[in-house]
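K.L.:
For reference, the structure I am asking about is given below.
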Amino acid sequence: MKKTLLTAGAILALAMSPAAAQNKTVKIGFVSTFSGPTAVIGNDMRNSFELALDHLGRKMGGLPVEVIYEDDGQKPDVGKQKTEKLIESDKVDFIVGYIWSNVLLASLKPVIDSKTMMVIANAGPHQVAGELCSPYVFSTSWQNDQTPQAVGEYMNQKGVKTVYLIGPNYAAGKDMLQGVASTFKGKVVGQDLTRWPDQLDFSTELSKARAAKPDAIFVFYPGAAGVQFLNQYVQAGLKGQIPLYTAFTIDELSLPRQKDLALGVPGAQEWVNDLPNDANKKFVADYITKYKTRPSFYGAQSYDAANLINSAVMAVKGDLSKKDAMRDEMRKANYKSVRGPYKYGNNHVPIQNFYLQEAVKNDKGELVLKTVATIVKDSQDRFHSKCPMKW
Amino acid sequence: MLLFVEQTLNGLQFGLLLFLLAAGLTLVFGIMDLVNLAHGSFYMLGAYFAATFTALTGHFIGGVVLALIATLMVGMAVEVIAIRRLYGRDHLDHVLGTFGLLLFFNELVRLIWGPAGMNLTLPSWLNTSIELMPGVYYSMYRLSIIVVALVVALVLYLVVMRTRIGMLIRAGASNREMIGALGINIKLLFTFVFGAGAALAGLAGLMQAAILTAQIGMGENILILAFVVIIIGGIGSIRGAFIASILVGLIDTVGRAFLSDVLKLFLSNAAASTAGPALSSMLIYLVMAVILVMRPEGLFPAASK
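Quick note, the sequences are listed as chains A and B, same order.
For what it's worth, my numbering labels the leading residue of the first sequence as 1, then goes sequentially.
For what it's worth, my numbering labels the leading residue of the second sequence as 1, then goes sequentially.
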């Protein structure tokens, strides 16, 4: 009897030990930009991720969470190097972050080769939604084309007949301009792709746009470049002449520096500060209390990324070796997203609403972004059919 | 046609801005024989000073004047504290030493002003556009940059060519031992020239701040172009720097404005709009290579070399 008990105990211990030994912590690698003029974006993503961990009691499925933040310096080669380091020497369980599409594309191969679970919190190059989709790669943002597609729809509603497109010459810039063109029913009378990220003087492009005499100008410049573009658009005297439509150019991070120039310039986004769901109210209120400033959509997506990972770790009760079970759980998007409920497409890109947002003055006289209308309901990216994944 | 006028003005504005930066660089290089990679830091400091002082005083012109004085002071202080020790050494030491200064200033600005950058707010009379001729609108601010830079170029030319100080500067460029032997306080002259170069860079930076916002590291990209300008123009030559700056400004703008359209004549639309910007950013370096093959000393080599 005693022997049987001992044997049973030993077998039990053997069966338990690998899981217990492997999963002392959930190790997460976070790649974003923490230096240079766009470091404000990386900081907002980090702040929101940390806030999500606070809300989760800094534990996922009973395991403590360890996050390693790495700075890509907005450079694809550096991003790739940092990603490889996180996978090979830190042996992270999850890899999260990525603002820039070109940095993400450069970093993707080591992630897919090592089958590391990945949650992209911003970048959305069409390749990742299409032929490069992977069972272990999820997005809590969008495919690049989706937001400008919504802007294109909005321009149709406003009766815009001709448009001039301006954006930066890199993966996301090209996606964005093609995104607008894909839904816009009028004529694209010209387009410019500018050197990225070092060209910040847009005089040439603004002159060309003016000469083309379009009904509207569409522009995509994320981060500090968006502030500069808007300044120069006003200085060139275009503000009264040709209306501006934007994607990712006016957000909570750039607004304090764009000030009144941003008033009345429409844009689209899947998340705005004032979305009326409980998860979002808690996120925004606690963020403002902790960091004394408002969060941006970059932060909202990072906050969601932490909660998406948590849902997966909970589902396998902390056994992080069960990657397939975690993937199946993540496909359900079974957590309280701050944008409200959404579904995943076959390529792990959200199927979600896009809202019209505009900068307005609130009752305290501060500039804030406000949801004006829903432009597209349940938008799915146009590359999902190129992704071979089915489930 | 209207577009062409506007683009020429854009090119001229960018070229003149480059000239302000290149003039200081070429003065320091020509006279002190010093390769100064920290020149872009004064450009950055000018921008930050202007943004800070205009915000503090609430007065645009006053803030700009204060910023210029501050950049001049910083420039002279840097010369006395750090640069002075580098004169006797070779160019590699200059590069290392001034590169260290560049990193130092970037970190200093990050400590003082934070990583986010600063806006220089323009008064409303500058923040508009005017109709130059029927149908041609141009930014009032960019026009004023052209005017200011032209005036500065003229003053610089007169100072260097027509005044006693200018004569000493030119003499120092040809033979610095001789001018020292003539009883001129060469140390003081060098401090002054270095400070003036810094102030010119600061002027370029503060004018650019209203267009691009003040940012850490903003001097590095444009410094490369300023080096291209002094190499094309001939090292140490103000006249060369002036002509080369305008050449580079025009080539850059014209390339950006029309190269994609030219490429569309024999490439597909998608290929042309991707290749256009990439090619136009190489155009300047191609021109530099061609000029160097034909005139290795640059277009207007300084007489002393």
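Just so you know, even glycine gets a beta-carbon here, dropped at the ideal spot from N, CA and C.
#1: Nearest-angstrom Cα distance between residue 384 of chain A and residue 38 of chain A?
#2: Run through the stretch 130-165 of chain B for me and flag every whole beta strand (DSSP E) of 3 or more residues, listed as ranges in chain order.
#3: Compile a chain-ordered list of the residues in the stretch 210-222 of chain B whose CB is closer than 8 Å to at least one CB of chain A.
#4: State the CB to CB distance for the pair residue 354 of chain A and residue 252 of chain A, rounded to an integer number of angstroms; the pair is presumed to be in contact (CB under 8 Å).
#5: Who pairs with residue 65 of chain A in a beta bridge, going by DSSP?
#6: At a Cβ cut of 7 Å, what residues of the stretch 127-153 of chain B count as close to chain A, listed as they run along the chain?
#7: I'd like to confirm the pairing. Which residues does DSSP put opposite residue 352 of chain A in its beta bridges?
#8: Compare the C-beta of residue 397 of chain A with all C-beta atoms of chain B and state if any pair is closer than 8 Å.
#9: Residues in the same chain with beta-carbon distance under 6 Å from residue 19 of chain A, minus the five sequence neighbours each way, listed in chain order, please.
#10: Using a Cβ-Cβ cut-off of 6 Å (strictly less than) and excluding sequence neighbours within five positions of residue 179 of chain A, which residues of its own chain qualify?
#11: Pairing CB atoms from the stretch 46-53 of chain B with CB atoms from the stretch 202-222 of chain B, are three or more of them under 8 Å?
#12: When you compare the CB of residue 6 of chain B with every CB in chain A, is at least one pair closer than 8 Å?
#13: When you compare only the Cα positions, how much space is there between residue 293 of chain A and residue 65 of chain A?
#14: Closer than 6 Å by C-beta to residue 305 of chain B: which residues in its own chain qualify, once you throw out the five before and the five after it? Chain order, please.
#15: Hey, residue 349 of chain A and residue 127 of chain A are a contact pair by Cβ (cut 8 Å); roughly how many whole angstroms apart?
#16: Pull out every residue of the stretch 249-269 of chain B whose Cβ sits closer than 8 Å to any Cβ of chain A, in chain order.
#17: Determine the direct distance from the alpha carbon of residue 106 of chain B to that of residue 303 of chain A, and round the result to whole angstroms.
#18: When the Cα atoms are used, what is the spatial distance from residue 99 of chain B to residue 81 of chain B?
#19: Distance, Cα to Cα, residue 191 of chain B vs residue 79 of chain B?
#20: Name, going along the chain, the residues of the stretch 107-119 of chain B whose beta-carbon falls closer than 8 Å to a beta-carbon of chain A.
#21: Just the C-alpha distance for residue 358 of chain A and residue 295 of chain A, rounded to the nearest angstrom, thanks.
#22: Tell me the rounded alpha-carbon separation between residue 195 of chain A and residue 226 of chain B.
#23: For the alpha helix (DSSP H) holding residue 40 of chain B, just list the boundary residues, first then last.
#24: Roughly how many angstroms separate the alpha carbons of residue 290 of chain B and residue 284 of chain B, rounded to a whole number?
#25: For a contact meaning CB atoms closer than 7 Å, what does residue 211 of chain A contact in chain B?
#26: Just list the alpha helix (DSSP H) runs in the stretch 204-233 of chain A, keeping only unbroken ones of 4 residues or longer that don't cross its boundaries, in chain order.
#27: Any idea if residue 388 of chain A is buried or exposed, counting beta-carbon neighbours within 10 angstroms, 16 or more meaning buried?
#28: In whole angstroms, what is the alpha-carbon distance linking residue 258 of chain B and residue 17 of chain B?
#29: When we look at the beta-carbon of residue 292 of chain B and count the other beta-carbons within 10 Å, is it buried (16 or more) or exposed?
#30: Please list the partners that residue 194 of chain A has in chain B, where partner means a Cβ-to-Cβ separation under 9 Å.
#31: Specify, as a first and last residue, the run of the alpha helix (DSSP H) that residue 93 of chain B falls within.
#32: When you compare the CB of residue 262 of chain A with every CB in chain B, is at least one pair closer than 8 Å?
#33: Restricting to Cα atoms, I'd like to know which of B:15, B:31, B:7 and B:246 is closest to residue 235 of chain B.
#34: Report the rounded CA-to-CA distance for residue 202 of chain A versus residue 48 of chain A, giving the unit in angstroms.
#35: Along chain A, which residues have their Cβ under 9 Å away from the Cβ of residue 274 of chain B?
#36: Is it true that the CB of residue 31 of chain A sits closer than 8 Å to the CB of residue 82 of chain A?
P.N.:
Quick answer:
#1: Straight-line Cα distance between these residues: approximately 30 Å.
#2: Listed in chain order, the complete beta strand (DSSP E) runs (minimum 3 residues) inside the stretch 130-165 of chain B are 136-139.
#3: Interface annotation for the stretch 210-222 of chain B against chain A: 210, 211, 212, 213, 215, 216, 217 and 221, criterion Cβ-Cβ distance under 8 Å.
#4: Contact between residue 354 of chain A and residue 252 of chain A is absent: CB atoms are separated by about 17 Å, not below the 8 Å threshold.
#5: Answer is A:26, bridged to residue 65 of chain A.
#6: So the list reads 127, 128, 129, 137, 139, 141 and 142, given in the order they occur along the chain.
#7: Beta-bridge pairing links residue 352 of chain A to A:379.
#8: Past the edges of chain A, shown from 1 to 391, lies residue 397 of chain A, and the structure says nothing about it.
#9: For residue 19 of chain A, the pLDDT reaches just 46, beneath the cut-off of 50, and the residue's location in the model is therefore unreliable, leaving the point undetermined.
#10: Same-chain partners within the cutoff: 145, 148 and 149.
#11: Touching, yes.
#12: Yes, residue 6 of chain B counts as interfacial toward chain A.
#13: Their Cα atoms are separated by approximately 26 Å.
#14: Interpretation of residue 305 of chain B is limited by its pLDDT of 44, a score under 50 that renders its predicted location unreliable; the figure taken from the coordinates is listed afterwards. By the criterion of a C-beta distance shorter than 6 Å, residue 305 of chain B is surrounded by no residue of its chain, once the five residues flanking it on both sides are discounted.
#15: Actually they are not in contact, since the Cβ atoms of residue 349 of chain A and residue 127 of chain A sit about 12 Å apart, beyond 8 Å.
#16: Per Cβ criterion, the list reads 253, 256, 257 and 260.
#17: Residue 303 of chain A and residue 106 of chain B have their C-alpha atoms some 32 Å from each other.
#18: The C-alpha of residue 81 of chain B is placed about 15 Å away from the C-alpha of residue 99 of chain B.
#19: If I take the Cα positions, the gap works out to 6 Å.
#20: If you check each beta-carbon in the stretch 107-119 of chain B against every beta-carbon of chain A, the ones closer than 8 Å belong to 115, 116, 117 and 119.
#21: Rounded to the nearest angstrom, the two C-alpha atoms are 16 Å apart.
#22: Cα to Cα, residue 195 of chain A sits roughly 18 Å from residue 226 of chain B.
#23: Segment 39-57, the alpha helix (DSSP H) holding residue 40 of chain B.
#24: Straight across, the Cα-Cα distance linking residue 290 of chain B with residue 284 of chain B is about 10 Å.
#25: 2 and 3, listed in chain order.
#26: Entirely contained in the stretch 204-233 of chain A, not one alpha helix (DSSP H) run reaches 4 residues.
#27: Of the other Cβ atoms in all chains shown, fewer than 16 fall within 10 Å of the Cβ of residue 388 of chain A; this residue is therefore exposed.
#28: Taking C-alpha positions only, residue 258 of chain B is separated from residue 17 of chain B by approximately 22 Å.
#29: By the neighbour-count rule (16 or more Cβ atoms within 10 Å), residue 292 of chain B is not buried but exposed.
#30: The answer, in chain order, is 256 and 277.
#31: Residue 93 of chain B -> alpha helix (DSSP H) spans 91-113.
#32: Residue-level contact by beta carbon fails for residue 262 of chain A and chain B, as no gap is shorter than 8 Å.
#33: The shortest Cα separation from residue 235 of chain B among B:15, B:31, B:7 and B:246 belongs to B:31.
#34: Cα to Cα, the separation comes out at about 32 Å.
#35: Residues of chain A with a Cβ closer than 9 Å to the Cβ of residue 274 of chain B are, in chain order, 169, 174 and 193.
#36: With respect to the 8 Å criterion, residue 82 of chain A and residue 31 of chain A are classified as neighbours on the basis of their beta carbons.
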